[in-house]
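Student: Dropping a structure here in structure tokens format, bear with me for questions.
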Amino acid sequence: MKERIELGLLYSRSGSYSLISEACRSGVLGAIAKINADPDMPLSFVAVERDPQGNADAYGPLCEEILNQSSARHVIGCVTSWSRKEVIPTLERAGGTLWYTIPYEGFEASDHVVYTHACPNQHLLPLLGWAFARLGRRGYLMGSNYIWGWEMNRLAREVISGAGGEVLGERYLPLGALEIERLIAEIRATRPDFVLNNLIGPSQYAFLEAYHRLGQEDAHFRPETCPILSCNLTECELPAIHPDAAEGLVAAGPYFRGVQGWPDGGQNFGSSHEAAAYSAVHRLARLLSGHAGAARESLSQLLAHAPGGSEGIDLATHHTQLPVLIAQVENGAFVPRERFAPVAGDPYLAHGREAILQGASSLRVVS
Amino acid sequence: MTRRIRIPVLGGARVYVLHRPHPTLQALDRQLRAIGLDVVQCWPELPAEALSGDFVFFDADQGYDAQFPWPTGQSPMPMIALIGSEAPGRIEWSLETGAHAQLLKPVGDGGAYSALLIARIAFEARQSLSAEIADLRRRLDERQTVVRAVTLLAARGKSESEAYDQLRQMAMAWRVSFEDGARRVVASHDAQGGANDRSDLG
């Protein structure tokens, strides 16, 4: 008889980033189905789901509801960093754990969060290194007006300046805003070597279409000479982007559709969002298996007591080791251009900001 | 003009935590290690090696002056007060001790990173202000020398403002500060035996 364990799900099924929520959610549900059907797994998960509908202020109360009204101690969810920061005080009070499966801007290591997607030393630093070697060091930075864009661009500015490059502009749009003419005009005027895109949702989709039109008018703004770089764009958002505008986009991530190596099992996933969520639920299932009382333990107890070890979750930072791939959209699908050796998440960049840049040439394995 | 503050890289920095063994230190220790720091806990005194440390956290509740191997308030690194009781006397002591930032006890899930950054930047600002003040003070002390040098140059038939300009040009040519240039003029005059300025003025 399998032990039934309730697992909280906190994904917005509507709102500006629902495509990403849905990708994560399908990874979670796929993993739950697989674990529940596996006779060798001593437990089964029961989803306890709440939908904040894209409202950042709803995450804290709904997370509290899951932790108070069910026996769930673990919640998987949140897409924006804003919502993650909203639930941390709740988790701290209730002794709960959030499994966060989205690339983020780093500089966090909560005792109550496991970070299973990439942080800047696993996405931004290698992506900039790639761009410097192929395109140049003159960048234009932009983002949606909240912590992801602010922090990513702050770090990019430091890395670009440190490498002797130049930041030609830095612009932010309110979440959901579609007024991108100013961005396009500035990019046209400054003619950078690349554009670092930290816009999210509809703003991003509108920008990409406008930038594609700019490329039709002026050949400099085509992917060969001035591509758009992203650290959080995956296959799950391609349906929202006009196919012509998606062509040539460059993204960094631990997984792209069809790539083998991570997560284990050789299974195919729709995107790295789905893969990271799937992998998180499996890690949690293995941590909870095989010792009594595990379901009620705090994250730090669980990581210390699990008979199979901490499942690759670093005891100090709660981040994981991930492959680093740079891929580019070609005929509607991401095609890997470069693959770096797997690297441990280093949220505070304790090993430096330039590590991956310097190692780029020696680590390169062209796939 | 506002200057962009550069966020320092903290990885590999050595932190001394001067606090008696206590459960709240576990939370602090976890945060510091996640940030990538080497942590040394000590009580009741800082070891000699602490002089080369990068940060010191100290207990504002039970701390006392003799714990620190430097003159009060003159730590060679940023200091962060761990404050439990917010008694005014203890806050006063932690400020006199030279706290650049503080972290409240019990320590929870966050707070250490911002305390480290604020302490480091406040420490650096204080260091550069101290250096600037020392320089200004030194130049202030040279006022009399400048007056003497201008007087000596003016005695050769120049107006006071021409003498002043000449002194500035001499300092520039010698690539020394205005005050150092003045000192040279006076020293050269004294060496030539013209100890009595009055005779020149006469």
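Chains A and B supply the protein sequences, listed in that same order. Using this note's numbering, the first residue of the first sequence is number 1, and each one after it goes up by one. Using this note's numbering, the first residue of the second sequence is number 1001, and each one after it goes up by one. Cβ atoms here follow ideal geometry from the backbone N, Cα and C, with glycine treated the same way.
Alpha carbon to alpha carbon, what distance is there between Phe1055/B and Gly1011/B?
Tutor: Position 11 of the second sequence, counting from 1, holds the residue named residue 1011/B. Position 55 of the second sequence, counting from 1, holds the residue named residue 1055/B. In a straight line, the C-alpha of Gly1011/B is about 12 angstroms away from that of Phe1055/B.
Student: Would you say Ser144/A touches the ligand COA, meaning its beta carbon is less than 7 angstroms from a heavy atom?
Tutor: The model on display carries no ligand, and the ligand COA is accordingly not part of it.
Student: Count the other CB atoms, across all protein chains shown, that sit within 10 Å of the CB of Leu1167/B; report buried if there are 16 or more and exposed otherwise.
Tutor: Within the second sequence, residue 1167/B is the residue found at index 167, counting from 1. Per the 10 Å Cβ criterion, buried.
Student: Going along the chain, which residues of its own chain have a beta-carbon closer than 8 angstroms to the beta-carbon of Ile1118/B, five neighbours each way excluded?
Tutor: For this step, residue 1118/B is matched to residue 118 along the second sequence. Contacts found: His1100 and Ala1101.
Student: Which one of Ile160/A, Pro243/A and Ala56/A has the shortest CA to CA distance from Leu141/A?
Tutor: Here residue 141/A refers to the residue found at position 141 of the first sequence. Closest by alpha carbon: Ile160/A.
Student: How many angstroms separate the CA atom of Gly15/A from the CA atom of Gln204/A?
Tutor: Along the first sequence, one-based indexing puts residue 15/A at 15. Along the first sequence, one-based indexing puts residue 204/A at 204. About 14 angstroms.
Student: The alpha helix (DSSP H) that contains Val1186/B, what's its start and end?
Tutor: Taking the first residue of the second sequence as position 1, residue 1186/B is located at position 186. Phe1178 to Ala1191 is the span of the alpha helix (DSSP H), which, as asked, contains Val1186/B.
Student: What is the rounded straight-line gap between the Cα of Leu1201/B and the Cα of Ala1149/B?
Tutor: Residue numbering aside, residue 1201/B sits at position 201 when the second sequence is read from its first letter. Residue numbering aside, residue 1149/B sits at position 149 when the second sequence is read from its first letter. Reliability of the predicted coordinates at Leu1201/B is poor, the pLDDT of 38 falling under 50, and no value is obtained from them.
Student: Tell me Leu199/A's beta-bridge partners as DSSP assigns them.
Tutor: If you number the first sequence from 1, residue 199/A lands on position 199. Per DSSP, none; premise fails for Leu199/A.
Student: So, is the C-beta of Ile1005/B closer than 8 angstroms to a C-beta in chain A?
Tutor: On the second sequence, position 5 is the one that residue 1005/B refers to. It does not; no Cβ of chain A falls within 8 angstroms.
Student: Can you pull the chain B residues whose beta carbon is under 8 angstroms from the beta carbon of His351/A, in chain order?
Tutor: As a working mapping, residue 351/A is identified with position 351 in the first sequence. Neighbours of His351/A on chain B, chain order: Gly1011 and Gly1036.
Student: Would you call the region 206 to 213 of chain A and the region 96 to 111 of chain A touching, i.e. three or more CB-CB distances under 8 angstroms?
Tutor: Because the criterion of three Cβ pairs below 8 angstroms is not met, the region 206 to 213 of chain A and the region 96 to 111 of chain A do not touch.
Student: Tell me whether Pro192/A is buried or exposed, calling it buried when 16 or more other Cβ atoms sit within 10 Å of its Cβ.
Tutor: Along the first sequence, read from residue 1 onward, the residue named residue 192/A stands at position 192. When all chains shown are included, Pro192/A counts as buried.
Student: Would you list, in sequence order, the uninterrupted alpha helix (DSSP H) runs of no fewer than 4 residues that lie entirely inside the region 131 to 164 of chain A?
Tutor: List check, alpha helix (DSSP H) in window: 147 to 162.
Student: Under 8 angstroms between C-beta atoms, does Arg1156/B make it to chain A?
Tutor: Translated into the one-based positions of the second sequence, residue 1156/B becomes position 156. Cβ-Cβ to chain A under 8 angstroms: no for Arg1156/B.
Student: Based on DSSP bridge pairs, tell me the residues matched to Ile76/A.
Tutor: Your numbering for residue 76/A matches position 76 in the first sequence. Note: Ile76/A sits in a beta bridge opposite Leu9/A and Trp99/A.
Student: Do Val1186/B and Leu1153/B have their CB atoms nearer than 8 angstroms?
Tutor: One-based indexing of the second sequence puts residue 1186/B at position 186. One-based indexing of the second sequence puts residue 1153/B at position 153. No, these two residues do not count as a Cβ contact at 8 angstroms.
Student: Which complete beta strand (DSSP E) runs does the region 1013 to 1078 of chain B hold, if anything under 3 residues is left out?
Tutor: Entirely contained in the region 1013 to 1078 of chain B, the beta strand (DSSP E) runs reaching 3 residues are, in chain order, 1014 to 1018, 1038 to 1042 and 1055 to 1059.
Student: Shorter than 8 angstroms from the beta carbon of Gly1181/B to some beta carbon of chain A?
Tutor: By 1-based counting over the second sequence, the position of residue 1181/B is 181. Chain A, which has no Cβ nearer than 8 angstroms to the Cβ of Gly1181/B, makes this no.
Student: Give me the Cα-Cα distance between Tyr278/A and Gly27/A, rounded to the nearest whole angstrom.
Tutor: The residue you call residue 278/A lines up with position 278 of the first sequence. The residue you call residue 27/A lines up with position 27 of the first sequence. Those two C-alpha atoms are separated by around 4 angstroms.
Student: Can you tell me where the alpha helix (DSSP H) with Phe1123/B in it begins and where it stops?
Tutor: The residue given as residue 1123/B occupies position 123 in the second sequence. Taken as a continuous stretch (DSSP letters only), the alpha helix (DSSP H) holding Phe1123/B covers Ala1112 to Asp1141.
Student: Take Tyr146/A and list the residues in its own chain whose beta-carbon comes closer than 6 angstroms to its own, dropping the five residues that flank it on each side.
Tutor: Along the first sequence, one-based indexing puts residue 146/A at 146. Hits under 6 angstroms: Trp82.
Student: Would you mind reading off the limits of the alpha helix (DSSP H) that contains Val281/A?
Tutor: Position 281 of the first sequence, counted from the first residue, corresponds to residue 281/A. Per DSSP, Val281/A belongs to the alpha helix (DSSP H) from Ser272 to Leu288.
Student: Could you tell me the distance, in whole angstroms, from the CA atom of Leu322/A to the CA atom of Val195/A?
Tutor: The residue labelled residue 322/A in the question sits at position 322 within the first sequence. The residue labelled residue 195/A in the question sits at position 195 within the first sequence. If you take the alpha carbons of Leu322/A and Val195/A, they lie about 25 angstroms apart.
Student: For the region 40 to 74 of chain A, which residues have a CB atom closer than 8 angstroms to at least one CB atom of chain E, in sequence order?
Tutor: In the structure shown, chain E does not exist; the protein chains are A and B.
Student: May I have a chain-ordered list of the alpha helix (DSSP H) segments no shorter than 4 residues that lie completely inside the region 46 to 76 of chain A?
Tutor: DSSP runs (the alpha helix (DSSP H)) wholly in the region 46 to 76 of chain A: 56 to 69.
Student: Please work out which residues of its chain come closer than 7 angstroms, Cβ to Cβ, to Leu183/A, disregarding the five sequence neighbours upstream and downstream, and give them in chain order.
Tutor: Taking the first residue of the first sequence as position 1, residue 183/A is located at position 183. Closer than 7 angstroms at Cβ, skipping near neighbours: Met142, Arg171 and Phe207.
Student: Bridge partners for Gln1144/B per DSSP, in chain order?
Tutor: Stepping through the second sequence from its first residue, residue 1144/B is reached at position 144. Looking at the DSSP assignment, Gln1144/B forms no beta bridge with any residue, so it has no partner.
Student: Which of the residues in the region 304 to 326 of chain A, read from start to end, lie with their CB under 7 angstroms from any CB of chain B?
Tutor: Flagged, chain order: Ala316 and Thr317.
Student: Would Gly1108/B count as contacting chain A if we go by Cβ distances under 8 angstroms?
Tutor: Residue 1108/B sits at position 108 when you count from the first residue of the second sequence. At least one chain A Cβ lies under 8 angstroms of Gly1108/B.
Student: Between the Cα of His117/A and the Cα atoms of Glu338/A, Asp346/A, Glu186/A and Arg353/A, which residue gives the shortest distance?
Tutor: Here residue 117/A refers to the residue found at position 117 of the first sequence. The shortest Cα separation from His117/A among Glu338/A, Asp346/A, Glu186/A and Arg353/A belongs to Asp346/A.
Student: Would you check if there are 3 or more beta carbon pairs closer than 8 angstroms linking the region 1017 to 1028 of chain B to the region 1059 to 1067 of chain B?
Tutor: They touch, by the three-pair rule.
Student: Which one of Glu105/A, Ser110/A and Arg134/A has the shortest CA to CA distance from Asn121/A?
Tutor: To locate residue 121/A, count along the first sequence from 1; it is residue 121. That would be Glu105/A, whose Cα lies nearest to the Cα of Asn121/A.
Student: How close, in whole Å, do the beta carbons of Ala156/A and Leu128/A come, if the pair is a contact with beta carbons under 8 angstroms?
Tutor: Translated into the one-based positions of the first sequence, residue 156/A becomes position 156. Translated into the one-based positions of the first sequence, residue 128/A becomes position 128. With a Cβ gap of about 6 angstroms, Ala156/A and Leu128/A count as contacting.
Student: Which one or two residues does DSSP pair with Val1009/B in a beta bridge?
Tutor: In the second sequence, counting from the first residue as 1, residue 1009/B sits at position 9. Its beta-bridge partners do not exist; DSSP assigns none.
Student: Taking a cut of 7 angstroms between CB atoms, which residues from the region 1116 to 1149 of chain B lie near chain A?
Tutor: The region 1116 to 1149 of chain B vs chain A, Cβ under 7 angstroms: nothing.
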